[in-house]
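Enquirer:
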Amino acid sequence: MIKKGSIVIRAIIFVTISAVILGGLIYIGKSYGSGEVYRKLIIAKEIALILDAIYAYPYDSLVYYEKDLTGLIVEVSNNKVIVYNAQFNNRNLDPTSVDYSFIPTTINKINAKLENPKKIKFQKFNDIIILKNEIDKQ
Amino acid sequence: MKLISNKRAAENWIPADMPYIVLFAIIFGFSIGILVIFMGSFASRNTAIPKNVEEFILMGRFYNSPNCFAYQDKNSGRVYSKSIDLEKFTNPGIMYRCFPLSNNKYSFKFELDGMGGLGSISASTPNWVERSGPIFEGKDVIVYSDNKIKMAKLSIYVQNV
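First to last, the protein sequences are chains A and B.
For the first sequence, the positions run 557 to 694 when the numbering used here is used.
For the second sequence, the positions run 333 to 493 when the numbering used here is used.
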């Protein structure tokens with residue numbers, strides 16, 4: 557015989573799991589349906605290509621990526637450009653996060669995390685590339 | 333909290349239909365995984381970078397970057413674009429800095445012709461697989477060797493890894 561308390565706990569767990577799964581599916585569906593995933597992929601690829609081009613350029617340089625990326629986080633680490641929704645704050649929590657790799661020419665690895673960037677500044681000086689959210693004004 | 337700490341109620345916690353629920357969860361999760369992978373690959377194809385653009389950008393580093401083959405004046409530090417330092421070109425170790433293997437989708441091979449008595453000299457990225465393939469680009473470059481300058485033709489071959 558199943559006790560009353562056990563049924564309630566089961567119900568709570570099943571409802572919670574179902575809500576998480578359903579929420580995830582709705583979010584994934586919305587991301588693909590609205591073109592959000594495509595936008596993220598295009599941004600990741602464009603930034604990776606900019607980095608490849610800067611690495612190929614022999615001199616110091618300054619490049620601006622003038623796209624308003626409000627609502628997104630652009631992270632560069634382990635030779636990858638990762639783009640995900642700002643509401644998650646961690647790429648592993650966003651089921652529709654995307655990444656695209658670039659190839660560096662130096663041992664100086666780029667590590668950057670830009671939240672809601674309105675304009676990204678790529679600065680290469682003495683073979684070191686720095687990414688900045690231009691509104692930071694640092 | 334009272335419900336969770338109720339030991340009597342926890343007696344029959346594992347119901348008879350639990351194996352089916354677990355099986356359902358595995359199949360459901362697997363299906364979702366496949367769906368996401370399929371949609372991801374579809375999205376990736378729809379946002380593909382135009383043909384040869386990425387290869388073209390990547391190959392520029394070999395004759396432009398001082399971390400690759402480009403000649404850098406030791407005194408002034410000036411880097412000469414579209415140049416080849418023969419010492420770097422014949423050093424296979426330079427590739428591990430210039431074109432590290434992690435994550436990359438391309439491999440390159442280079443042939444330098446018109447080097448007078450030296451004939452044709454070749455170099456390649458470590459992931460290059462020797463097989464016939466079309467030439468991607470031929471470029472006139474300046475070659476620096478033993479404090480001398482020569483003109484040569486650099487042929488670049490690209491493979492998708």
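We treat Cβ as the ideally placed atom computed from N, Cα and C, and that holds for glycine.
(1) Mind checking which residues open and close the beta strand (DSSP E) that includes E631 of chain A?
(2) Examine chain B for any beta-carbon lying closer than 7 Å to the beta-carbon of D608 of chain A, and answer yes or no.
(3) Starting from the Cα of S633 of chain A, find the closest Cα among A:Y620, A:N645, A:Q643 and A:F658 and give me that residue.
(4) Looking at C-alpha atoms only, which residue of B:T457, B:L367, B:S439 and B:R463 is the closest neighbour of I426 of chain B?
(5) Against chain B, with Cβ distances strictly below 7 Å, would K623 of chain A count as a contact?
(6) Are the CB atoms of Y403 of chain B and D417 of chain B nearer to each other than 7 Å?
(7) Alpha carbons only, please: which of A:V630, A:G580, A:P614 and A:I563 is nearest the one belonging to Y621 of chain A?
(8) Please determine, among B:I364, B:T422 and B:S439, the residue with the shortest C-alpha to C-alpha distance to M536 of chain B.
(9) Should A375 of chain B go down as buried or exposed, given a rule of 16 or more other Cβ atoms within 10 Å for buried?
(10) Cβ closer than 7 Å: which chain A residues qualify as neighbours of P494 of chain B?
(11) Counting Cβ pairs, one atom from each stretch, are 3 or more of them under 8 Å apart for the stretch 597-609 of chain A and the stretch 640-651 of chain A?
(12) Assuming contact is defined by CB atoms lying nearer than 7 Å, are T379 of chain B and Y594 of chain A in contact in what I supplied?
(13) Looking at the C-beta of V632 of chain A, does it have a partner C-beta in chain B at a distance below 7 Å?
(14) With 16 other CB atoms within 10 Å as the buried threshold, where does K441 of chain B fall?
(15) Going along the chain, which residues of the stretch 566-588 of chain A sit with their C-beta nearer than 7 Å to a C-beta in chain B?
Expert: Checking against the coordinates, here is how it stands:
(1) Within the first sequence, the letter at position 75 stands for residue 631 of chain A. From DSSP, the beta strand (DSSP E) with E631 of chain A extends over L628 to S633.
(2) Here the question's residue 608 of chain A lines up with position 52 in the first sequence. With 7 Å as the cut-off, D608 of chain A counts as an interface residue toward chain B.
(3) As a working note, residue 633 of chain A is residue 77 in the first sequence. The shortest C-alpha separation from S633 of chain A is found at A:F658.
(4) Within the second sequence, numbered from 1, the residue matching residue 426 of chain B stands at position 94. It is B:T457.
(5) The sequence position of residue 623 of chain A within the first sequence is 67, counting from 1. Not an interface residue.
(6) As a first step, residue 403 of chain B must be located in the second sequence, where it is residue number 71. As a first step, residue 417 of chain B must be located in the second sequence, where it is residue number 85. Less than 7 Å separates the beta-carbon of Y403 of chain B from that of D417 of chain B.
(7) Numbered from its first residue, the first sequence carries residue 621 of chain A at position 65. Here the closest residue by C-alpha is A:V630.
(8) This structure gives no information on residue 536 of chain B, because the portion of chain B shown stretches from 333 to 493.
(9) Walking along the second sequence from the start, residue 375 of chain B turns up at place 43. By the neighbour-count rule (16 or more Cβ atoms within 10 Å), A375 of chain B is buried.
(10) Because chain B here runs from 333 to 493, residue 494 of chain B falls outside it and cannot be looked at.
(11) Two segments are said to touch when three or more pairs of C-beta atoms, one from each, lie closer than 8 Å; by this definition the stretch 597-609 of chain A does not touch the stretch 640-651 of chain A.
(12) Within the second sequence, residue 379 of chain B is the residue found at index 47, counting from 1. Within the first sequence, residue 594 of chain A is the residue found at index 38, counting from 1. Yes, these two residues count as a Cβ contact at 7 Å.
(13) Counting from one through the first sequence, the residue named residue 632 of chain A turns up at place 76. It does not; no Cβ of chain B falls within 7 Å.
(14) Counting from one through the second sequence, the residue named residue 441 of chain B turns up at place 109. Per the 10 Å Cβ criterion, buried.
(15) Only I584 and Y588 from the stretch 566-588 of chain A bring a Cβ to less than 7 Å from some Cβ of chain B.
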